[in-house]
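See below for the structure under consideration.
Residue numbers (this note's numbering), protein chains in the order written: chain A, 49 to 266; chain B, 49 to 266.
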């Protein structure tokens, strides 16, 4: 019982810092995405394709969260955008405090969109608000169509589902209709896009939708 | 600091129950595997192919760990083996206590091998000993060759690496040699097998190795 109480306190403290992050981001007119998925579902590739597609029209910043290494920040830095790497050193999710530290090191002026790429983990990041406007969950077709039912919290808390690696469908035992139906059963409000970072299929649709929401109102 | 102290106590308590599980399993001459991976890397398919291959020669029991649903236990039950489903209700990893409960409900007499399929999570289960003889980590080629470096704890704590879905390599941007090299850089003692549950490639090698270790000495 002790642990549960303290975990609740940890979550309450996290939520308070997330609230501060949210106020800061909204003051700057920045649309912040919390990008979550299993390891290897393609989050960084989605970031890269999104930067390629939106980079001319909008100013996008990136915070990379990883258990170890700065490989993802290196990949994203090639696109000449502001990027901060957070290494959690074994931690299984990003917390609002870590994002707050990263925001303090980033020039937020003029940013339209901030993409926060979380640690690869389909369970733990679901419960940690970072101050984002929305969670975007990436699910690879290779993971199978049952995953929304087996890991429901993430799909319940997300606003957008990117079904990624759809180019691999011909080689997999994955029923795309069942995957979508399972996801919408958990969360009927999910906005769903089908994407491939290899063929760029669906990237224009996803980025168009994002651009409508991320364009500065100021 | 409080949280860290209590987490340490939680781990110490877990290790004590894991020790009890290990004694019980060894008394029964059972080789216990803790099967870990990201969601959708193919753990349950590996269990199914292993049961098909070893079922005639050895008696195998299965404990299925899932955040939600009993889909995996249903899949495994078709093979007419003893199977117990643990639903963690949001918990991101199995703990020794949950496995102890499951063991108390399983007839251990005559079992040669026990496969404990953990929750799909490449981070959190790394630190929780369940009383297993070895951790077996499954990594799908679709996750990318950088994952051992990005999620090192799991590869450091495992004895065996199954590189799964090798049938998909022609369609992926995944360098198999780099993947192996990265894994062995983290843990030079890893026993590595390349498997496909679709073509059954590599399953005979993996099961042969396992049979040598799991055959009852009594």
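Note that beta-carbon positions come from the ideal geometry of N, C-alpha and C, so glycine has one too. Computed from a predicted structure; not experimentally measured.
Measure the beta-carbon distance from residue i to residue j and round it to whole angstroms, keeping in mind my assumption that it falls under 8 Å.
i	j	result
residue 183(B)	residue 84(B)	6 Å
residue 164(A)	residue 81(A)	7 Å
residue 73(B)	residue 179(B)	6 Å
residue 174(B)	residue 205(B)	5 Å
residue 147(B)	residue 116(B)	Actually they do not touch by this definition, with Cβ atoms about 18 Å apart.
residue 143(B)	residue 123(B)	About 23 Å separates the two Cβ atoms, so there is no contact after all.
residue 230(A)	residue 194(A)	7 Å
residue 212(B)	residue 89(B)	6 Å
residue 215(B)	residue 188(B)	Actually they do not touch by this definition, with Cβ atoms about 11 Å apart.
residue 155(A)	residue 130(A)	6 Å
Any beta carbon from chain B within less than 8 Å of residue i's own beta carbon?
i	result
residue 203(A)	no
residue 247(A)	no
residue 305(A)	The first residue shown for chain A is 49 and the last is 266, placing residue 305(A) beyond what the model contains.
residue 240(A)	no
residue 194(A)	yes
residue 131(A)	no
residue 250(A)	no
residue 77(A)	no
residue 200(A)	yes
residue 213(A)	yes
residue 146(A)	no
residue 49(A)	Any reading at residue 49(A) needs caution, since the residue's pLDDT is 39, under 50, leaving its predicted position unreliable; the model's value is listed next. No, residue 49(A) lies away from the interface with chain B (no Cβ there is under 8 Å from its Cβ).
Under 8 Å, Cβ to Cβ, is there at least one residue of chain A near residue i?
i	result
residue 219(B)	yes
residue 169(B)	yes
residue 188(B)	yes
residue 262(B)	no
residue 216(B)	yes
residue 61(B)	no
For a test of the three-state rule: what should DSSP assign to residue i, helix, strand or coil?
i	result
residue 125(A)	helix
residue 114(A)	strand
residue 82(B)	strand
residue 104(A)	coil
residue 178(B)	coil
residue 165(B)	strand
residue 262(A)	helix
residue 133(A)	strand
residue 185(A)	strand
What runs of the beta strand (DSSP E), each 3 residues or longer, lie entirely inside the segment 187-256 of chain B? Runs of the beta strand (DSSP E) inside the segment 187-256 of chain B: 208-212 and 239-242.
Against chain A: residues of the segment 83-117 of chain B by CB proximity under 7 Å: Residues passing the 7 Å Cβ filter: 86, 87, 88, 114, 115, 116 and 117.
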